[in-house]
Every structure is written in structure tokens, then in C-alpha cells.
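Trainee:
2 protein chains.
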Amino acid sequence: MAQTMPESILDYMTRLGRAAREASRVIARASSAQKNSALLAAASALDESRAALAAANEQDLAAGRATGLEPALLDRLALTPARIDGMLEGLRQVAALPDPVGAIRDMRYQPSGIQVGKMRVPLGVIGIIYESRPNVTMDAASLCLKSGNACILRGGSEAIHSNRAIAVCIQRGLAAAGLPAAVVQVVDTTDRAAVGALISLPEFVDVIVPRGGKGLIERISRDSKVPVLKHLDGICHVYVDALAEQPKAQQIALNAKCYRYGICGAMETLLVDQAVAAAFLPAMALLYAEKGVELRGCERTCALINATPASEEDWHTEYLAPILSIRVVDGLDQAIEHINHYGSHHTDSIVTEHQGHARRFLAEVDSSSVMLNAPTCFADGFEYGLGAEIGISTGKLHARGPVGLEGLTGEKYVVIGDGQLRG
Amino acid sequence: MAQTMPESILDYMTRLGRAAREASRVIARASSAQKNSALLAAASALDESRAALAAANEQDLAAGRATGLEPALLDRLALTPARIDGMLEGLRQVAALPDPVGAIRDMRYQPSGIQVGKMRVPLGVIGIIYESRPNVTMDAASLCLKSGNACILRGGSEAIHSNRAIAVCIQRGLAAAGLPAAVVQVVDTTDRAAVGALISLPEFVDVIVPRGGKGLIERISRDSKVPVLKHLDGICHVYVDALAEQPKAQQIALNAKCYRYGICGAMETLLVDQAVAAAFLPAMALLYAEKGVELRGCERTCALINATPASEEDWHTEYLAPILSIRVVDGLDQAIEHINHYGSHHTDSIVTEHQGHARRFLAEVDSSSVMLNAPTCFADGFEYGLGAEIGISTGKLHARGPVGLEGLTGEKYVVIGDGQLRG
């Protein structure tokens, strides 16, 4: 991306970056009260600006309709009154969350007499790259602000008018709390080179959080000179163990697939212990048929129910659609092996009453969320009690799983002495 | 690096990587008792192999002398009986540390009825690239093993015979505990292309920890396709505040510089509040003169003591030598500004009895360790109570500061339900 960047865009993004770095020092030391008052003032501004927001959003929608944007994208783009209510509610919830910054843990005396502990601190400047949903602008800004970070928000070009209108509300919130405007900056150009520039400025940007299609995220991960918090796929599994309680297992397997087909926590592959497959799968097939879910199965599955034979490709696929692959496995070991091999380290669940199997599954499945007797669609920052999430990470370093306020901070060592010397 | 890699080395490293990935699944689920017994058996093997270690080390030393290795490097290379004792003691200490793996924290009920918490888990496969000290082989292997990770160790070519001899002891420890040999693999080639290959295998290696010269670390950071935990510089500061107690401040400033000149936690720049500079600096100049420390000062410093004028370059320099740059600042704000601008986010200390200044310095200095009334040379995993360290990280994500067992692990979410459904 960087090679073809027009110089002026790089200059513009560098200016945003430099301003964000300066503002990050101010927001990092802002009090909880000051940050909360900015959030609540932004909420008031949003509530008072419903007409302006609707007008700006209508500009984006009209342009989208004119350029033939797909109905699903137009739907995501729409700032309905309910979505504005959702943003307001989000701001109030984030304001109500405990401030993670400055918390000190494990302060202990060492043999030398110094005390050593860890203090939670903001990461600095967060760059967020996202697509059509304009409400992400407010959600991301509020999480970054509360966690003491400055942010640079690069939304989809099709939402530029809506994002500008939301930015005005955020700016009113920051101003009301006496915080610098550059704590939250919305990139005000639809030039695609802005993304390339944002990921090439490690001196000004500490982390990139990309949200959107897999292609976008892969490109950003490959080219970014800044660390990226991300997930690519959500190939989530539910494993129904031999000791699963049948009605519970059926409801979990149904909910995991059908709560919403398009979310990254939706189950894509169902694994069933061979000991219960003959009892479990025919019942499930009826439930899925009612929902119109297409089934693709391994050989043993196809011998039990009506399903298309699954190809190797199927086990690697995130359908995000009413399609499900099903495999009958020999038992726990093969289930864990399958998940660690084909999965995407996102979210995987075991349904069982067997304590030993549960313990092993939770320990040995190498995913950012592991679940017992719960559907994978619970993989969500709000459901986890984080208040909200900026995204889900399947990397192994730093934050794994839904990333909320804690994931937007790190820990530094604090050492307190009273003149102790070394050696 | 990767471009010029001979195919056979890439094949060899891929084989190590694949074996490490498989072994990582086994060591990840090994019990604490099993891991500790491997560590203690390796210690016994080491103790019984002193003659073999001495002979192997002598081969390296003779080769080093023949190729004209510098005396400082020859010294690092030497496996003296005291250093072997140190390795033994290290193994026993790591065995005695609590096992971080599997610890679950913050398990809480959510409104939906599911319980959500976080479980500490190994990272997987750690690649460690280091230079002449062969004792690093044992230290790194023991920390990786205890934290449930497989590792691939790439030591300096000048230490290859010593590293092989140490590897034999580690293998005896693993075998005694019934663990796979590939849990710890020492790269058995002096071909430099092995480093390029190791950092190009993200499917088999989860983290790279480089230890050595700045040039090596910069090259690895630039080229690695695997995340790198590292620090480049240790430009550490001590700030003597207006409310510092003079004798305490003098001893801290002396110890921070002179405990050892070559460690990354050595102070490189001394900042002094202008209110106390006239009293503090002349006394310090005498103490440093006794140690033969060369002083380079700002204008105000040079007006008070005998020092060479410091250039802009000096504030950016990690001397690792008996040289110190000194700047008189207007107060706390300028001290924090100086450190955040010129520092390397490693370790910085304030000397003061002023509670408010201490609180601000600890919160606002953006370094991986911040200290109060303690010399920066305390920046060390052992002094921090980590038992040992695999390195020091100045990055903002994941682990900051000395990295011990906790830094070699991550946290995944654990969700426990009893059939709760979403929506």
C-alpha cells in the first residue's frame, strides 16, 4: 500500500499522528472524572444532534443507493433512531465502567528491600480501520478515551458524512471536559492511501485494530509496521461429548449456529462423539431443517443423516451462512486435535457433564475463548462483561479474545525503594 | 536475511519448527510435577557432566583464541565452575517457582448466567537467538519449559560445542521426566541462515526473543514474520528532584551509573532540578571522578562542574561505559518531557520525598519500569522476584520490562455455562 501513497496524504496522516501522540500524553494522565465527563457530554451532544445526524446519514445513504451499494451494506450504514439510542447507551455504559488506568497489582517487597509491582497504563495511540457501520466511530472512540488512549479513526468512505457528524459530537464532549481535540481524530478523507499511511507510522501509532473483511485485515497485517490486534476467521466448533446431556446439547448446537449466521462466534463445524452420534444427529438434523441450515458431513455423518459429503475445504471454511459441517469423531482426543488443526483459535465449546473431559478440553484447546456447556455465539465483549469490545483478537501475545478496556492497556513495572542500592 | 537462505537450512529449521510445534502441545499439558522433575534431572545431569562441559568449552575457547576473539567475548564464553554452579542454582530456582500455567482469574457470573474468567496458558513455541554466553542456553530452556512452551535455541556459533554439551544435559532431564526431546531444541549448525529461517516460520514459532547487539536485534525486528519481544537501547535516567534527600540521591546516582557500566539498566543520563543542582552536582562530580567516570553536561551543568559540553547526540546515547551525560532541568515537567523524548522506554527513576512529584513521575513516565528512590540498575528479573528473566521488553504490547514466566504465557477466556443460550 505504502508505495503508491501520494505525498500529501502521508503528510496529512503524519500531522494526525503527531497530534495524536501529543494528545495521548494528556489523556493518559486525565482523571477518571474528566474522562467520564467527556463521555457523558458527548452523549448529550449526540442526543441533541439527532436531526443533524439523520441529515448527514441521509447523504451517505443517498450516495450509497446511487452507486448501487448492496442492501446489506446500506442496512449497516443506516443510523436509525434505535442505533443512535444504542450509541448513547454505549457511552453511558463505558462511562460507568471502572477506570483501568493506574491500577497497581502485586506490589511486593523483594529481598533487597525494594517493592516491585505492576501498574496498568494506556498503550498510547490506537489506529482503528473499519468499514460501513458509523456507530463503530462512537464505540471505538469511547473505549479508547476511557482507557486513556488517543485514537485515529478511519471509517469507510461510504460513511464519511455520518462519521463527520459523529465526530462533531465527540469534539463537543472533549471540549466540555477540557481535553484536547486530538484525543479523537476522524480521518477526513476518503483516499484509500490514508490506510497505508496510518499503518506505516510506528513512531506515532502504537496499535492498529482493523475491523472488516478478511482481505482488508490480511493486507493490513502483512503491510503494517505497527502491531495489529485482529482476528481473521471465526471457524468455531461445538464438540458434543459422549457424556453430554441430550436436550442441553441440542439447544446449544442450535443456538451456536442459528443465533446469527453472520457473526464471527457462530459455530461452523459440529463435532460429535461416535458413541452418541446415532442418537444426537437425527434429532439435530430435524432442528436444522426447520431453520433451513444446509448440512455437510463426514462419511459417518452421511450414514446417519441426510447431508452432502464434506470436502477437506469445508473443515477450513467460515461460512457465515446457514451452512454447517459435521464430523463424527472417535472421542475427546480427536475432537481437540481437529479443533487445534482446523480451527482459527477463536472460540470453541465442549458440551459434556464429564468433569475430566471438560478440564482437558478447556486446558488443551488452543483458542482465545474456550467454553463448556455454552454456545460459541456468546463470544462477545458485552456478554463477557467487558462493557463493550473494540474487536476480537486471536493472536497469542497481549490480549486474546474480545478486547475491551483492559486489552487497550498494558502494564509497566513500578519499583519503590528508599535508597536501596544494588550489589 | 531470508532471500539468501540455502534451501537445506530452511528445510532443517522447518523440521525443528514442526517438531517444536508438536512437542509444544505435550509440554503445554504437562503437570507441574513433571516439568519440575525435568528441571531437577537436568540439574543432576549438568552436575555430573562438569568434565565433559569443561572439555567442550575448551574447544570453543581454543577456537575463539585462534580466531582472535576479543578478551571480553572470551570471558563471556567461558563456562567456569562458578558459572556452572550458577546454572544449577538457576534450574533449582525455576523448579521452585510457582507454575503459571492454568491459573484462572476473575471467574465471574454474567447477567446471562454464564461464568467468564481468564486462564493463563503457554504461548507455544519460543525462538531464542543469542550470542556468546552458553549459560543462556540453560536459563532460556528452563524458563520456557516451566512456562509450558517448547523452544528453539540459536546460540552464537563461537559457543557451539558448549551449547551442544549443555543440550545433552537438557535432553537427559527431558527423558527422565518422560517429555519429548523436541521440547528443547538447540540449533546444531553455525550457518547464519538459520536465524533468517527461524524468524520466517510463523506457523511453527510464536515469539522470537533476540538477545545481543543492537544491530542484530534491529535486523531481526525488521525481517521477522514472528512477533519479537525485545529492547534495543537502555537509555536510563535518574531525575534528582528538588525535594530529594541529598545523601540518598548521591548514593542512588552513583550506584545507578557505577554498579556495572555494561548492563542495560545502567543510568546514562542524570537529570537534576535546578533548585538543587548547585549543591548536588559538585558533590557528585567528586564521587564520579573517584570512579573515573567522564562527564558531559548541558550549559548549566558546565557552569557548576568540570564537564565536556554535551551534544544533542549525547542525550540519545547508551554509552555502556564510564561516561555520563548530565542535564539541569527546570523541574518535574521538563524531566518527564526529557525522558519521554530521549529515553528508550526502558527504566527511569525519580529521587524525591515529594509525594505528588513521585506520583506524577510514576504515572507519566512512559517506560517499562519506573522507579522511586531506587537506582535503575535494579532493572532485572531476579531483583524483581521473577526468579530469572528471558530478556527485557520495551514494547507496549504483551510484556513490558523484565520478562519471566508470566511474560512467556498469555491468557485465554474460559466460559462455563450450563446450557444458557444467547438472545
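If you read the sequences in order, they're chains B and H.
Under my numbering, the first residue of the first sequence carries the number 630, and numbering increases by one thereafter.
Under my numbering, the first residue of the second sequence carries the number 630, and numbering increases by one thereafter.
The C-beta atom is built at its ideal place from N, Cα and C for all residues, glycine as well.
Taking only beta-carbon positions, decide if H:Ser850 is within less than 8 Å of chain B.
Mentor: no
Trainee: What is the rounded straight-line gap between the Cα of H:Arg762 and the Cα of H:Arg705?
Mentor: Using only the alpha carbons, I get a separation of about 5 Å.
Trainee: Please classify B:Leu924: does DSSP put it in a helix, a strand, or coil?
Mentor: strand
Trainee: Run through chain H and tell me which residues come within less than 8 Å of B:Gly1033, C-beta to C-beta.
Mentor: For the C-beta of B:Gly1033, not a single chain H residue is nearer than 8 Å; the gap to the nearest is close to 11 Å.
Trainee: What residues in the stretch 1007-1035 of chain H have a beta carbon less than 7 Å from any beta carbon of chain B?
Mentor: Phe1007, Glu1012, Tyr1013, Gly1014, Lys1025, Leu1026, His1027, Arg1029 and Gly1030
Trainee: Evaluate the contact criterion for the stretch 768-784 of chain B versus the stretch 1036-1051 of chain B: three or more CB pairs, one atom per stretch, below 8 Å.
Mentor: yes
Trainee: Within 10 angstroms of its Cβ, does H:His970 collect 16 or more other Cβ (buried), or is it exposed?
Mentor: exposed
Trainee: For the stretch 981-1005 of chain H, which residues have a beta carbon sitting closer than 7 Å to at least one beta carbon of chain B?
Mentor: Leu991, Ala992, Glu993, Ser996, Ser997, Ser998, Val999, Met1000, Leu1001, Asn1002, Ala1003 and Pro1004
Trainee: Would the stretch 663-682 of chain B and the stretch 857-865 of chain B be scored as touching if the rule is three or more Cβ pairs under 8 Å?
Mentor: no
Trainee: Quick check on H:Gly777 - is its C-beta less than 8 Å from some C-beta in chain B?
Mentor: no
Trainee: Is the Cβ of B:Gly926 closer than 8 Å to any Cβ of chain H?
Mentor: no
Trainee: Which bits of chain B does H:Asp835 rub up against, with CB to CB less than 7 Å?
Mentor: Lys1025
Trainee: List the DSSP bridge partners of H:Thr976.
Mentor: H:Ser998
Trainee: By the three-class DSSP mapping on this structure, what secondary structure does B:Val905 have?
Mentor: helix
Trainee: So, with DSSP's three-state summary, where would you put H:Ala707?
Mentor: coil
Trainee: For the stretch 722-751 of chain B, which segments carrying the alpha helix (DSSP H) assignment without a break, of at least 4 residues, lie completely within its bounds, in sequence order?
Mentor: none
Trainee: Would you mind sorting H:Asp738 into buried or exposed? The rule is 16 or more other CB atoms within 10 Å of its CB.
Mentor: It is Tyr, not Asp, that sits at residue 738 of chain H in the sequence shown. Result: exposed.
Trainee: Would you check if the stretch 950-968 of chain H and the stretch 919-935 of chain H touch, i.e. whether three or more CB-CB distances between them fall below 8 Å?
Mentor: yes
Trainee: Are any of the Cβ atoms in chain H nearer than 8 Å to that of B:Ser741?
Mentor: yes
Trainee: To which residues of the same chain is H:Glu928 closer than 8 Å at the C-beta, ignoring the five residues directly before and after it?
Mentor: Pro938
Trainee: Tell me, please, whether the CB atom of H:Pro911 is closer than 8 Å to any CB atom in chain B?
Mentor: no
Trainee: Grab me the residues of B:Gly742's own chain with a C-beta within less than 8 Å of its C-beta, minus the 5 sequence neighbours each way, in chain order.
Mentor: Gly1046, Asp1047 and Gln1049
Trainee: Name the residue from B:Ala907, B:Leu803 and B:Ser940 whose alpha carbon lies nearest to the alpha carbon of B:Ala652.
Mentor: It is B:Leu803.
Trainee: Could you name the residues that DSSP lists as bridge partners for H:Met896?
Mentor: H:Cys865
Trainee: Are there 16 or more other CB atoms within 10 angstroms of the CB of H:Leu808, so buried, or fewer, so exposed?
Mentor: buried
Trainee: Under 8 Å, do H:Ala805 and H:Ala659 count as touching if we go by C-beta distance?
Mentor: no
Trainee: For H:Cys893, which residues from the same chain have a beta carbon less than 6 Å from its beta carbon, with the 5 sequence-adjacent residues on both sides left out?
Mentor: Cβ within range, chain order: Gly863.
Trainee: How big is the Cα-Cα spacing for H:Val869 and H:Ile979?
Mentor: 6 Å
Trainee: Can you give me the Cβ contacts of B:Ala904 inside the same chain, cut-off strictly under 6 Å, excluding the 5 residues immediately before and after it?
Mentor: The answer, listed in chain order, is Ala871.
Trainee: Which complete alpha helix (DSSP H) runs does the stretch 787-821 of chain H hold, if anything under 4 residues is left out?
Mentor: 789-805
Trainee: Tell me which residues share the same chain as B:Val816 and place their Cβ nearer than 6 Å to its Cβ, disregarding the 5 neighbours each side in the sequence.
Mentor: Arg783 and Ala823
Trainee: Quick test of your reading: H:Pro1004 and H:Asn884, contact by CB under 8 Å. State the CB separation rounded to the nearest angstrom.
Mentor: 4 Å
Trainee: Indicate whether at least one CB of chain B lies closer than 8 Å to the CB of H:Asn792.
Mentor: no
Trainee: Considering only residues of the same chain and omitting the five flanking positions on each side of B:Ala631, which have a CB-CB separation below 7 Å?
Mentor: Interpretation of B:Ala631 is limited by its pLDDT of 45, a score under 50 that renders its predicted location unreliable; no figure is taken from the coordinates.
Trainee: Can you tell me which of H:Tyr1013, H:Ile955 and H:Ala667 puts its alpha carbon nearest to the alpha carbon of H:Val797?
Mentor: H:Ala667
Trainee: Find the residues of chain B that neighbour H:Pro856, judging by a C-beta separation of less than 7 Å, and give them in chain order.
Mentor: Leu1026
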